[in-house]
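Asks: Below are the C-alpha cells for one structure; questions will follow.
4 protein chains.
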Amino acid sequence: MSGVFGVSRTKKQDVAKLAYYAAFALQHRGQETCGIAVNDQGVFKTYKDVGLATDVLDKEALRRLGEGQMAIGQNLYGTKIQVNRFNAQPMTINHIKGTLALGMDGAIVNASRLRKELELKGVIFHSVSEAEILSGQLIQARLEASSMEEAVLETMSKLRGAYSFVLMTPQKLIGVRDPYGVRPLCIGKLDDGYVISSESCAVVAVGGEFVRDVRPGEVVVIEDGELTSYTDYCNDKPKALCSFEYIYFARPDSVVEGNGIHETRMNLGKLLAKAHPVDADVVIGVPDSGLNAAMGYATESGIPYGIGFLKNKYIGRSFIAPEMEERELLVRIKLNAISSTVKDKRVIVVDDSIVRGVTSARFIRILREAGAKEIHVRSSAPPFIDECFYGTDIDSPETLISRHHSEEEIAEMIGADSVAFLPVEELIKAVKKPCPGLCDACFTANYPIDPSPAKEPMAKQVLQRLHDGD
Amino acid sequence: MSGVFGVSRTKKQDVAKLAYYAAFALQHRGQETCGIAVNDQGVFKTYKDVGLATDVLDKEALRRLGEGQMAIGQNLYGTKIQVNRFNAQPMTINHIKGTLALGMDGAIVNASRLRKELELKGVIFHSVSEAEILSGQLIQARLEASSMEEAVLETMSKLRGAYSFVLMTPQKLIGVRDPYGVRPLCIGKLDDGYVISSESCAVVAVGGEFVRDVRPGEVVVIEDGELTSYTDYCNDKPKALCSFEYIYFARPDSVVEGNGIHETRMNLGKLLAKAHPVDADVVIGVPDSGLNAAMGYATESGIPYGIGFLKNKYIGRSFIAPEMEERELLVRIKLNAISSTVKDKRVIVVDDSIVRGVTSARFIRILREAGAKEIHVRSSAPPFIDECFYGTDIDSPETLISRHHSEEEIAEMIGADSVAFLPVEELIKAVKKPCPGLCDACFTANYPIDPSPAKEPMAKQVLQRLHDGD
Amino acid sequence: MSGVFGVSRTKKQDVAKLAYYAAFALQHRGQETCGIAVNDQGVFKTYKDVGLATDVLDKEALRRLGEGQMAIGQNLYGTKIQVNRFNAQPMTINHIKGTLALGMDGAIVNASRLRKELELKGVIFHSVSEAEILSGQLIQARLEASSMEEAVLETMSKLRGAYSFVLMTPQKLIGVRDPYGVRPLCIGKLDDGYVISSESCAVVAVGGEFVRDVRPGEVVVIEDGELTSYTDYCNDKPKALCSFEYIYFARPDSVVEGNGIHETRMNLGKLLAKAHPVDADVVIGVPDSGLNAAMGYATESGIPYGIGFLKNKYIGRSFIAPEMEERELLVRIKLNAISSTVKDKRVIVVDDSIVRGVTSARFIRILREAGAKEIHVRSSAPPFIDECFYGTDIDSPETLISRHHSEEEIAEMIGADSVAFLPVEELIKAVKKPCPGLCDACFTANYPIDPSPAKEPMAKQVLQRLHDGD
Amino acid sequence: MSGVFGVSRTKKQDVAKLAYYAAFALQHRGQETCGIAVNDQGVFKTYKDVGLATDVLDKEALRRLGEGQMAIGQNLYGTKIQVNRFNAQPMTINHIKGTLALGMDGAIVNASRLRKELELKGVIFHSVSEAEILSGQLIQARLEASSMEEAVLETMSKLRGAYSFVLMTPQKLIGVRDPYGVRPLCIGKLDDGYVISSESCAVVAVGGEFVRDVRPGEVVVIEDGELTSYTDYCNDKPKALCSFEYIYFARPDSVVEGNGIHETRMNLGKLLAKAHPVDADVVIGVPDSGLNAAMGYATESGIPYGIGFLKNKYIGRSFIAPEMEERELLVRIKLNAISSTVKDKRVIVVDDSIVRGVTSARFIRILREAGAKEIHVRSSAPPFIDECFYGTDIDSPETLISRHHSEEEIAEMIGADSVAFLPVEELIKAVKKPCPGLCDACFTANYPIDPSPAKEPMAKQVLQRLHDGD
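Those protein sequences? They're chains R, U, Z and X, same order as listed. When the letters of the first sequence are read in order and numbered with our numbering, they come out as residues 29 to 498. When the letters of the second sequence are read in order and numbered with our numbering, they come out as residues 29 to 498. When the letters of the third sequence are read in order and numbered with our numbering, they come out as residues 29 to 498. When the letters of the fourth sequence are read in order and numbered with our numbering, they come out as residues 29 to 498.
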C-alpha cells in the first residue's frame with residue numbers, strides 16, 4: 029500500500045504545492061519515502077528522499093521543483109524492500125521517446141520475472157523498486173507502440189498483481205487501476221484541470237471536487253484539460269478491492285467506491301456487536317484506528333462509548349525506545365489509560381485487528397492496572413491466517429496468532445476475559461454501496477490473483493542480492 | 029505554561045532516559061525548546077535546544093548526557109520571549125557555592141524589577157529567560173544562606189507570580205510551587221527515589237507511582253532517597269489553580285489536585301449542555317481538545333456523539349502553509365469533515381474555547397460544505413475578556429472576540445446558527461475534588477496576584493532590547 | 029579528468045579505509061562528487077554523494093560500507109554534466125549475470141551514440157553520466173560474452189575517447205586504459221593484493237609499492253591475488269597522454285610514465301626561461317600550481333626564487349564571495365602579495381597557464397599595489413586555442429585570450445610589462461623518460477581521436493534534456 | 029592566541045560581510061569557534077558557533093546578522109577550555125547601562141581570581157571563557173564609571189596577562205592592547221571609518237589601508253568616524269611581544285610592529301644558517317610554516333632551495349585518521365616526499381619548531397624512504413623548555429623534547445643526522461624594526477608577567493568543574 033497523486037492543469041502554476049498538500053493528505057498510506065515530479069512543458073524536475081513529507085519536502089525542495097502544468101507525487105509504504113532514496117518514487121526516466129515519471133501503489137506479483145526478461149535484453153536497474161520494473165516495461169512497450177496509452181495497455185497484458193499508478197509524460201497525465209481493482213484510485217476536478225488520487229481525501233485537500241473512482245481495469249488519460257477513458261481491461265468479472273482499505277488503510281474521511289470509510293468502520297463495529305455481544309459498562313476503541321468501529325459497537329449495543337486511552341501524539345519515527353529490559357515502559361509512554369473511564373468497569377475494547385497479539389496484551393495490562401474489572405477484546409477485522417501478496421506487509425504467516433489458536437486460546441494468551449473477531453462472512457455486509465467485491469485472501473487464503481510467481485525462490489534471491497546496494 | 033520534570037535516584041543510572049520519556053509525556057505543555065540536565069555526583073551535563081523533544085534529543089544527545097543519580101528536564105512554552113537556544117532550559121549555572129540547574133513553568137510578574145536589581149550589582153544575563161533571573165536571585169540568596177533550601181525560601185519572599193520549578197544542586201532535587209498554586213506540580217515514587225513532575229502523566233510514563241500534588245507554597249527537597257517538605261509559604265488562603273489547566277492545558281489522562289482531566293472536561297461538557305441546551309441530531313468535538321467536553325455534552329443531552337472531523341496528524345511545525353490567497357485551503361488540509369456524520373444533520377460542535385473566532389469560522393464553513401443543516405457552537409471555556417499575566421499566551425485583549433461581542437453577534441460573525449459559552453460561574457462546579465481554587469482572571473479580569481509590575485512600560489522596553497541578541 | 033582507485037586483497041578487511049585515503053590523495057583530480065563501493069564476497073555496498081571526500085565520507089559512511097576483499101573509489105570532476113548524486117560514481121549495478129561497480133576518468137566521445145543504441149533496446153538511464161552508458165555497454169556485451177574480461181574487450185571496440193576506468197565484479201578487479209593512453213593509470217602492490225590508481229601518489233597514501241603504469245590499451249585483471257594482463261589493444265602507434273597532466277592536473281609527488289611531476293614542471297620552467305628570458309630581480313610563482321615551474325625558471329635563469337604570494341587556504345567551496353561591485357576584494361581575500369618580496373623589484377611571475385586572462389589581471393594589480401616595479405608574466409603552458417573533447421573542461425573557445433590575441437596584446441590587456449608562453453614544441457622536451465606521446469590538441473587543434481560525434485547537435489540536445497532530472 | 033576584528037563605519041551597510049572576510053583572513057589564529065556581532069544603532073545581533081568560518085558563517089547566518097554601522101568578529105584558539113558554543117565569542121551581553129560585545133585574544137593570568145570576586149557578588153557565568161570574566165569586570169566597572177572608556181581603564185588596572193581585545197558598545201568601537209603588548213593589534217582605515225584587527229592581513233582583506241599598530245597599553249576608541257587614543261597605560265618599560273608571532277603564528281603577508289612576517293622568518297632562517305651551517309645539496313622546508321625560514325637558510329647558505337614535500341591540502345578537521353596500528357600511514361597521507369628533490373641528496377630540513385619530536389621523526393622517515401642520503405634538521409625556533417601562560421597552548425613541560433635532551437640526543441631519537449635550533453639570543457636579531465621587545469618565556473622561563481595566579485591549584489579545579497556543562 030502506498031499513496032499516489034497526479035495533477036494536470038492547463039496553465040503553468042504551482043502544481044508542486046498541490047502535490048505537496050496531497051503528500052500530507054495521503055501520508056497515512058506510506059511513510060517510508062516520498063517525492064514529487066513536476067512537468068513544465070516537458071521539462072521534468074523531481075525531488076524525493078527517505079522520510080515523511082515533513083522531512084523530505086522543505087521550502088528549498090519546493091523552490092527547486094518550481095512551477096509547471098503537471099505534477100505527480102508518491103508516498104511509499106515499505107514492503108519487502110530496503111528503504112533508500114534509490115527506491116523512492118516518482119521514478120523519473122529519460123528514454124528514447126521522451127521522459128516519464130511514475131508513482132505506484134500496490135504490488136506486481138510477477139515483477140521478478142518481468143525484471144529478468146528486461147535484464148536479458150541488457151536493461152539495467154538502479155533500485156529494487158517494482159516501479160522501476162514497471163517503467164522498464166512501459167519503455168520497452170513504447171519502443172513499438174505509437175503512443176504511451178498504447179504502451180500502457182500493452183504493458184497491462186503482462187502485469188499480474190495489484191496496482192494503481194499515475195504516469196506523467198511530457199503531454200499527458202495517465203491514471204491506471206488494475207483489472208481487479210485491488211487498490212483504490214479516484215478522479216477529482218479542478219477549475220482548470222484534473223487530479224488523480226489514491227483517496228478522495230487528497231482531492232479535498234487540494235480544493236478539488238470529487239468526480240468518481242477509476243474503474244477496475246480502466247486507464248484514464250488527461251491531456252489539455254480533457255479526460256479520455258480506455259476500458260479495454262474493464263469487465264464484469266468479480267473484483268477484489270482490498271478489504272483492509274475499509275478496515276484500516278484508508279483515511280476515515282475518504283469515500284471509496286461510494287462508501288464513506290468512517291461509516292463503513294462504524295458498520296463493522298455494529299456487525300461485530302451483533303455477532304459477538306457481551307454485557308459491559310463501556311465501549312472503548314484503541315486509538316486511532318479502532319475508534320470508528322468502537323463507536324459502531326457502542327451504537328449497536330447501546331453500551332456507552334468512552335474515551336479509554338490517551339495516545340501520545342509526539343512519539344514519531346525518531347523516538348528512542350527503551351531497551352529490552354524496560355520494554356513494558358514503551359507502551360505506557362505511547363498509550364495511557366484514562367482511569368475515570370475504565371476503573372471498576374466491565375470494558376469492551378475494540379481494535380481494528382489482532383496480528384501477533386503482543387500489542388493487545390500490552391493494552392490489556394494497562395487497562396488492568398487502571399482498574400478495569402473485565403476486558404473483552406473485539407476485532408473489527410476477521411482473524412488473519414495467511415500472508416498478502418498484493419502490497420500489504422502482514423507479518424510472516426507463522427507469527428499470526430489466529431493461524432493456530434482459537435479465540436479462547438488467544439484470550440488466555442493476551443490476558444483478556446474474552447476475545448472475538450468479526451466473522452469473515454460479515455465483512456461484505458459493512459459495505460453499503462455496490463463495490464467491486466472484496467479481496468479477503470489474508471483471512472481465507474483464497475487469492476483472487478495467482479500469487480505463485482512471487483513465491484518462487486528465485487524472486488526472493490534476486491531481491492536479496494539487490495538489497496545490498498545503496 | 030511549560031513542562032518541568034525532575035528525578036532523583038540513589039544509584040547512578042540512566043536518569044537521562046527517564047527525563048527523555050518525561051519530555052515526550054509533557055510535550056503538550058511546551059513545544060518551543062526542550063532540554064535535560066544530568067547530575068552525576070555533582071558533575072552536571074546539559075543538552076538543550078530549540079524544537080520538540082524529537083528534534084532536540086537524539087541518540088547522540090543522550091549519549092553525551094550520560095548516566096547519573098539525578099536529572100531534570102524542561103519543555104518550554106514560548107510566551108513573550110524570543111525562542112532561541114539561549115533561552116532554552118534547564119539553566120545550568122556554576123556559581124561560587126556550587127552548580128545548579130533549573131527548569132521552570134509559569135511567569136514571574138516582577139521579573140524585570142528583579143533583573144534590574146541584579147544588574148545593578150553587575151550581574152550579567154545571557155538570555156531573556158525568567159529562569160535565568162530566578163537563578164540569579166537564588167545564587168544571590170545563596171551567598172548569604174547556609175543551604176539551597178534556605179536560599180529558595182528567601183527567594184520566594186521576593187517572587188511575585190505563578191511558578192512551579194524544579195531545581196537541581198549537586199546533592200538535592202528541589203521542587204517548588206508558588207503560594208497560589210497557579211501551575212500544577214506533583215510527586216511520584218520510584219523504587220529507589222522520587223520524581224517531580226508538572227503532571228501525573230509523566231510519572232506514569234517513567235514507570236513511577238503517583239504520590240500526591242505538591243501543595244501551593246510548598247518546597248520539597250529530595251536527598252539520598254528521602255523527601256523533606258518545607259511549608260513556610262503554605263497557608264489556607266484561597267488559592268488560584270489556572271482554570272485553563274482543566275479546560276485545555278493538561279493531558280486528559282493526568283490527574284490534577286485529585287481531579288482527572290478527562291473526567292473534568294466531560295463535566296464541563298455536561299454543565300455546558302445544561303446551561304445551553306439545543307435540539308440537534310449529533311454532538312461532535314473539535315479535535316483534539318474539544319473531544320472530551322463534546323462527549324460530556326452528548327452524555328448529558330442524550331444526543332448521539334459522533335466523529336465529525338478528521339484531523340491530519342502529519343501537519344507539524346515545518347508544514348509550509350498556503351499563501352494568503354489560498355488560505356482557505358489550509359483548514360481543509362488540517363481538518364476535514366466526515367460527511368456521513370454531519371450531512372443533513374443538526375450539529376452541535378463543542379470546542380474548548382473561542383479566542384478570535386477565526387478558527388471557528390473555518391470549521392463551520394467545512395461543516396456547511398459537508399452538508400450540515402444547522403450548526404450550534406458550544407465553548408467549554410467561558411468567554412475570554414482579558415489577558416493572562418501568569419504564563420498563558422492569549423492573544424492581545426483587543427483581538428478577543430468576546431471582549432466586545434455578544435453570543436448572538438459572534439454567531440453571525442462566524443456563520444453559526446447559535447453560539448454559547450460555559451458561564452464562568454459554572455467552571456468551579458466541574459471540579460469535583462476540593463482543589464486550591466481556580467484562577468479565572470482571563471474570563472473575569474480578577475487577578476489573584478497583582479500583575480502591575482508586568483505592565484510597566486520599562487519592562488517591555490527591556491525585553492524588547494533583549495530580543496535582538498541571538 | 030577524475031580520479032579512480034581500486035584495491036583487491038585476498039582477505040576480508042578494511043578496504044574501504046584504503047579507498048578513503050585514496051579519495052583524499054586523488055581529491056585534486058575531481059571535487060564534484062565522490063564515492064566508494066566495497067565488495068565482500070560478491071555483496072556490494074556503495075556510498076557516494078555530491079561534495080569533497082571530507083563532506084561525503086564520514087564515519088557513518090565508512091561504518092555502512094563495512095569490510096570486504098575489494099573496493100573501488102572515484103572522485104568526479106564535473107564536465108558538461110549537472111553535478112548531482114545520480115551522476116556520482118562508482119556506478120553500482122545489478123545485472124542479470126551479477127553485479128558490477130565502475131569508476132571512470134576521462135570522456136567518451138561517442139557516448140551519446142552509444143546511449144541512443146542502448147535506449148533503442150529499452151535500456152533506461154538514471155543519470156547523464158558516461159559511466160552509466162559505459163556500464164550499459166559492458167552489461168550488453170556481457171549477455172553474450174563468457175566473462176567480464178571478454179565483455180570489456182568487446183566494449184573497447186565500440187568506445188572512442190579518453191578513458192581510464194576501474195571495474196569491480198564479484199570476483200575481479202579490472203583496470204582499463206584507453207589505447208591512446210590519454211589518462212594515466214597505474215598499478216601498485218600490497219602485501220596481499222594489488223591497487224590500481226589514477227596516480228602513484230594514492231599508491232603511496234595506502235602504503236603500497238608502485239609497480240608500473242598500465243599500458244595504453246591494456247586491460248589488467250586481478251583475481252585471487254594474481255594479476256593478468258590483456259594487451260589486445262596495445263600497439264606501437266603514437267600515443268597521446270594529456271599534456272595537461274604534466275602541466276597542471278597530476279599531483280607534484282606523482283610519477284607518470286616514469287616522469288616525476290614536480291621535476292617535469294621544473295623542466296617546463298627551465299625551458300620557459302630559455303625560451304623567454306628577461307632581466308629581473310625575483311622569480312615568483314602563482315600558488316599552488318605555478319610554484320614548481322617558477323622554481324625551474326629561477327634555477328635556469330639564476331634569478332632568485334621568492335615567495336611572492338600568500339594564498340588563503342581556508343577559502344573553500346562554501347565561501348560567499350563579494351557582490352559584483354566589490355569583486356576586486358575577492359582576489360585580495362584569496363591571494364595577497366608579500367610586500368618584502370616584490371617591493372621595488374622587477375618581478376617574473378610564473379603561472380601554469382593563462383586562460384581568459386582575468387585571474388592574471390587580478391594578481392598583477394595586487395603586485396603593482398605591493399610595489400612591484402616591473403611584472404613579467406610567464407606561462408608554463410603554451411597558449412590555449414581550442415577546446416578539449418577528452419575530459420578537460422577548458423572555457424569555450426571564444427573566451428580563450430590566446431585564440432585571438434598576441435603576447436603583446438595580452439600583456440597590455442592584463443597590465444603586464446611582458447607576457448610569454450612556453451612554445452608548444454618545447455612541451456615534449458620537458459618529459460625526460462620515453463612516454464606514450466603527448467596530446468596537445470588544446471594548443472594545436474590536432475585531435476588524436478576524432479571528436480566529431482561529440483560535436484553533433486543531437487548529442488548536446490540529449491544532454492540538455494537530461495539535465496533537468498534530479 | 030586568537031583573532032579579533034572590529035569595524036566602525038558612519039553609515040549603515042554590510043559590515044557583517046567585512047567581518048566575514050576578516051574571519052577568513054584571521055582563521056589561522058583560531059580554528060575552534062568563530063562568530064560575528066553586528067550593531068545597528070544600538071541593536072546587536074550575534075551569530076557564533078563551534079567550527080571554522082566556513083562551517084559557521086553561511087548565507088543564512090549573514091542574512092540574520094543583517095546590516096549595521098559596526099561589527100566585531102572573533103576566531104577562537106582553544107587553550108585549556110572546552111570548545112563549545114557557550115565559550116564562543118563575541119560575548120554579547122545586555123547590562124544595565126546598555127549592551128556590549130567583546131572579542132578577545134590572549135590569556136588573563138588572574139582570570140580565576142577575578143571570576144571568584146565577581147561570583148561572590150552573585151554574578152553568574154554561562155561559560156568558562158575568560159572573555160565572559162572580562163565582560164563581567166567591564167560591566168562591574170561600568171556601574172560606577174561615567175563611560176565605557178573609563179570602565180575599560182579601570183578594568184585594565186585589575187587585569188594581569190596578555191590580552192588584545194575589541195569591544196563594541198551601542199556607540200563605540202574600542203580596541204585595547206595590554207601594557208606588555210604580548211598580542212598584536214593594529215588599526216586600518218576605510219573611506220568612511222576604521223577597522224581594528226589582530227593582523228594587518230585582515231585590513232587588506234577588507235580593502236582597508238593599514239594605519240599603524242595599537243601601542244602596548246593603548247586604548248583606541250572609534251566613534252562617529254573619529255579615533256581617540258588613551259595612553260594611560262603606555263610607558264617605556266621593556267615590552268614583550270610574543271616571539272612566536274614572528275616564528276609561527278602570524279600570517280606571512282602580515283606586518284607586525286613594522287616587520288614583515290615573511291621577511292622576519294627569512295631572517296630567522298638566515299641566522300639559523302649562520303649559527304648552524306652544514307654541508308648539503310638542498311634545503312627544504314616543512315610545509316607550510318617551515319617554508320619561509322627554509323628559503324632564508326638557503327639564501328644565506330647558498331645551498332639550493334627545493335620543494336621537498338607535497339602536503340595534502342584536503343585533510344581537514346573531519347578526516348578520519350588511521351587506527352593505532354596503521355599510524356605510520358597518517359603522515360604519508362598528509363605529507364609525501366618529492367623524490368626527485370631529495371633522492372641521493374644531503375638534505376637540510378627546516379621546520380618552525382620541534383616540540384615533542386614525533387612529527388619530526390615521521391617526516392625524517394619519509395625522506396629516508398624517498399632516498400635522502402643525509403638529513404639535517406634545523407629549527408627556526410629555539411628549544412622549548414617551559415610552558416606559556418599567555419595564551420599559547422604548548423604541550424605540558426615534561427613532554428618537551430628539549431627540556432631534557434641535547435641536540436645530539438634529539439638527533440638520535442628522531443633519526444636525523446644532525447639537529448640544531450636557533451640560539452635564543454639570535455631571535456631578536458631577526459626583527460629589524462624597533463619593536464616592543466620579545467617575550468621568550470617558553471625558551472627561557474623568564475616570564476615578563478608574573479604567572480603565579482594561573483598556577484594556583486584552585487584555578488585548575490574551578491576550570492575542571494566548569495568543563496562539564498555544555
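Cβ coordinates follow ideal geometry from the N, Cα and C atoms, glycine included.
Under the three-state reduction of DSSP, which class applies to I152(U): helix, strand or coil?
Replies: Three-state result, I152(U): coil.
Asks: With which residues is G189(R) paired in a DSSP beta bridge?
Replies: Per DSSP, I136(R).
Asks: At the 8 Å Cβ level, is K461(Z) part of the contact set with chain X, yes or no?
Replies: It does not; no Cβ of chain X falls within 8 Å.
Asks: If you draw a straight line from the C-alpha of G313(X) to the C-alpha of K457(X), how long is it?
Replies: Taking the straight line from one Cα to the other gives about 21 Å.
Asks: So, under 8 Å CB-CB, A135(R) and G63(R) are touching, yes? Tell me the CB distance rounded to an integer number of Å.
Replies: Actually they are not in contact, since the Cβ atoms of A135(R) and G63(R) sit about 19 Å apart, beyond 8 Å.
Asks: Using the beta-carbon of each residue, which ones in chain Z are nearer than 7 Å to H123(R)?
Replies: By Cβ distance, chain Z contributes E147 and I152.
Asks: On the DSSP letters alone, give me the boundaries of the alpha helix (DSSP H) that L80(R) sits inside.
Replies: No alpha helix (DSSP H) holds L80(R); DSSP gives it neither H nor E.
Asks: Throw me the rounded Cβ distance for the E237(Z) and K217(Z) pair, which I believe falls under 8 Å.
Replies: Contact holds; Cβ gap of about 5 Å.
Asks: If contacts are defined as beta-carbon pairs under 8 Å, then S388(X) and V370(X) qualify, I think. What distance do you get, rounded to the angstrom?
Replies: Actually they do not touch by this definition, with Cβ atoms about 15 Å apart.
Asks: Would you report the Cα separation of M486(Z) and S140(R), rounded to the nearest angstrom?
Replies: Its pLDDT being 43, under 50, M486(Z) is placed unreliably in this model, and the value from its coordinates should be taken loosely. Distance between the alpha carbons of M486(Z) and S140(R) is about 35 Å.
Asks: Kindly provide the ranges of any alpha helix (DSSP H) runs that are 4 or more residues long and lie completely inside the stretch 360-429 of chain Z, ordered along the chain.
Replies: Here the runs fully enclosed are 367-370 and 386-397.
Asks: Chain X beta carbons: is any one of them nearer than 8 Å to that of P212(Z)?
Replies: Cβ-Cβ to chain X under 8 Å: no for P212(Z).
Asks: Since K144(X) meets chain U, which of its residues come closer than 9 Å, beta carbon to beta carbon?
Replies: What K144(X) touches in chain U: I124.
Asks: Taking G58(U) as the reference, which of G419(U), V137(U) and L128(U) has the closest Cα?
Replies: Measuring from the Cα of G58(U), the nearest candidate turns out to be G419(U).
Asks: Is the stretch 410-426 of chain Z touching the stretch 388-402 of chain Z in the sense that three or more CB pairs, one from each, lie closer than 8 Å?
Replies: They do not touch, by the three-pair rule.
Asks: For G31(X), count the other beta carbons within 10 Å of its own beta carbon; 16 or more makes it buried, fewer makes it exposed. Which is it?
Replies: Buried, by the Cβ-count rule.
Asks: Taking any Cβ of chain R, which residues in the stretch 336-357 of chain U have a Cβ under 9 Å from it, in chain order?
Replies: Within the stretch 336-357 of chain U, the qualifying residues are F337, L338, N340, K341, Y342, I343, G344, R345, S346, F347, I348, P350, E351, E354, E356 and L357.
Asks: Shortest alpha-carbon distance to T127(R) belongs to which of D133(R), N67(R) and T82(R)?
Replies: The residue with the shortest Cα to Cα distance from T127(R) is N67(R).
Asks: Taking the straight line between their C-alpha atoms, what separation do you get for A439(U) and D379(U)?
Replies: Looking at the two C-alpha atoms, the distance is approximately 14 Å.
Asks: Mind checking the stretch 75-92 of chain U against chain R and listing, in chain order, the residues whose C-beta falls within less than 7 Å of any C-beta there?
Replies: Answer set for the stretch 75-92 of chain U: L80, A81, T82, D86, K87 and L90.
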